[in-house]
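Visitor: Its first residue numbered 1, the sequence shown is counted upward by one per residue in UniProt numbering. Ideal Cβ positions, reconstructed from N, Cα and C, are used throughout, including at glycine. Structure incoming, see below.
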Amino acid sequence: MQPPSTPPSSAEALLERCYAIAGLSLGELATLAEVAIPKDLQRHKGWPGMLIERWLGASAGSKPQQDFPELGIELKTIPIDSDFRPLETTYVCFAPLLMPPGITWETSNVRNKLQQVLWLPIEGDRRIPLAERRVATGFMWQPSLQEDTLLQRDWEELTEHIFTGNVESMTSRQGVALHIRPKAANGKVLTDALGPEGERIKTRPRGFYLRKTFTHNILINAFSSR
C-alpha cells in the first residue's frame, strides 16, 4: 500500500481513498509513505494534514483554492476526542486585510473553500502518542441553507470591521460560526491593513476559523445519520 501518485478522478474515488486509510494510525501511514514522524506537533502543527493530503492525492497545497480543485472539494482534517468533539477551531483561509472592492460572500474565498468539504477526523487526545493516533472515516459535507446563511452573516459582519479600518479592535469572540484571529508563525510577522482613518497600518495577519461548536454539529449530523 502506497500513497497515490495522481489526484482522484472523482468524488467517489476520493472517498474510496478515505475508506482505505480509515482505522490506520498516523505512524502506519507515515511508515508506508516513508515520511519521518515528528515527536509531537509543537513545531509541526500541520504535519497530520500534510500526511493525509499525500495519501488522498491533494494537489492545491496552500493555494487560495480547494485542495482538490478539479473536483471543487476542500479537505479538512479535524482532531477529535473520544466523544467525537473537535479539539480545536478549524482554519479556513487567510483574511485579506486590504480587501478588493466589490467582494461579496458569494465571491469570497471563505465560501469557495466551504462549498464542499471532505472532513477527516483524527484522534487528537494528547495522551495518545502521535504515531498511534488513528484516522477515522471521512465524509463529504456541503453547508445547508441555514449553515450558509449563518456563515454569510458572520463573514459580512467580520469583513465590515476590516473595511472600516477596525481590524485592530476585533476579537475572537465576534462571530457565531466563523471568527477571525491572528494567523502567523510568530507575533513579529506584520502585514498591511486599513486603519480607522483610512490610513495604512501594520498589523498581524489574520485568518478565518470555524468555531468548535459549528464543526461539532457537523460531526454530530454526519455520524448520527450512519
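Flag this pair as yes or no: are the beta carbons of Leu-210 and Thr-107 separated by less than 7 Å?
Guide: As a working note, residue 210 is residue 210 in the sequence shown. As a working note, residue 107 is residue 107 in the sequence shown. In this structure, Thr-107 does not lie closer than 7 Å to Leu-210 by Cβ.
Visitor: Got a sec, what are the start and stop residues for the beta strand (DSSP E) Met-140 sits in?
Guide: For the purposes of this step, residue 140 is taken as the residue at position 140 of the sequence shown. Start and end: 139-141.
Visitor: Going along the chain, which unbroken runs of the beta strand (DSSP E) with 3 or more residues stay wholly within the region 92-125?
Guide: Fully contained in the region 92-125 are the following beta strand (DSSP E) runs of length 3 or more, in chain order: 117-123.
Visitor: How far does the alpha helix (DSSP H) with Lys-212 in it reach, from first residue to last?
Guide: Counting from one through the sequence shown, the residue named residue 212 turns up at place 212. Note, Lys-212: alpha helix (DSSP H), 212-224.
Visitor: Does the beta-carbon of Pro-86 have 16 or more other beta-carbons within 10 angstroms, so that it is buried, or is it exposed?
Guide: Here residue 86 refers to the residue found at position 86 of the sequence shown. Pro-86 comes out buried.
Visitor: Taking 8 Å as the limit between beta carbons, can you name the residues of its chain near Gln-2, skipping five residues before and five after?
Guide: As a first step, residue 2 must be located in the sequence shown, where it is residue number 2. Once the five neighbours on either side are set aside, the close Cβ partners of Gln-2 are Leu-32 and Ala-33.
Visitor: Ile-21 and Leu-29 look like a contact to me (Cβ under 8 Å); what is the Cβ gap, rounded to whole Å?
Guide: Position 21 of the sequence shown, counting from 1, holds the residue named residue 21. Position 29 of the sequence shown, counting from 1, holds the residue named residue 29. Rounded, the Cβ-Cβ distance is 6 Å, consistent with contact.
Visitor: Tell me where the alpha helix (DSSP H) around Phe-48 begins and ends.
Guide: Stepping through the sequence shown from its first residue, residue 48 is reached at position 48. Here residue 48 is Pro; the residue named in the question, Phe, does not match the sequence. That run of the alpha helix (DSSP H) goes 47-56.
Visitor: Could I get the ranges of all uninterrupted beta strand (DSSP E) runs contained in the region 132-212, with 3 residues as the minimum, in chain order?
Guide: 139-141, 178-182, 191-194, 200-203 and 206-210
Visitor: According to DSSP, is Thr-31 helix, strand or coil?
Guide: Residue numbering aside, residue 31 sits at position 31 when the sequence shown is read from its first letter. Correct three-state label for Thr-31: helix.
Visitor: What's the gap between the Cα of Ser-10 and the Cα of Ile-73?
Guide: Along the sequence shown, one-based indexing puts residue 10 at 10. Along the sequence shown, one-based indexing puts residue 73 at 73. The straight-line gap from Cα to Cα measures roughly 10 Å.
Visitor: Do Ala-222 and Phe-163 have their C-beta atoms closer together than 7 Å?
Guide: The residue given as residue 222 occupies position 222 in the sequence shown. The residue given as residue 163 occupies position 163 in the sequence shown. No.
Visitor: Does DSSP put Leu-130 in a helix, in a strand, or in coil?
Guide: The sequence position of residue 130 within the sequence shown is 130, counting from 1. Note: Leu-130 maps to helix in three-state DSSP.
Visitor: So for Ile-73, helix, strand or coil by DSSP?
Guide: Position 73 of the sequence shown, counted from the first residue, corresponds to residue 73. Ile-73 falls in the strand class under three-state DSSP.
Visitor: When the Cα of Trp-155 is compared with those of Pro-196, Gln-65, Arg-111 and Ala-193, which residue comes out closest?
Guide: Taking the sequence shown and counting its residues from 1, the one referred to as residue 155 is at position 155. Nearest of Pro-196, Gln-65, Arg-111 and Ala-193 to Trp-155, Cα basis: Arg-111.
Visitor: Rounded to the nearest angstrom, how far is the Cβ of Leu-151 from that of Gln-174, given a contact under 8 Å?
Guide: Translated into the one-based positions of the sequence shown, residue 151 becomes position 151. Translated into the one-based positions of the sequence shown, residue 174 becomes position 174. The pair is not a contact, with the Cβ atoms about 14 Å apart (cut-off 8 Å).
Visitor: Nearest by alpha-carbon distance to Gly-46: which of Gly-124, Trp-105, Glu-197 and Leu-178 is it?
Guide: Sequence index remark: in the sequence shown, residue 46 carries index 46 (1-based). The option with the nearest alpha carbon to Gly-46 is Gly-124.
Visitor: To the nearest angstrom, how far is the alpha carbon of Pro-48 from that of Ser-144?
Guide: On the sequence shown, position 48 is the one that residue 48 refers to. On the sequence shown, position 144 is the one that residue 144 refers to. Taking the straight line from one Cα to the other gives about 28 Å.
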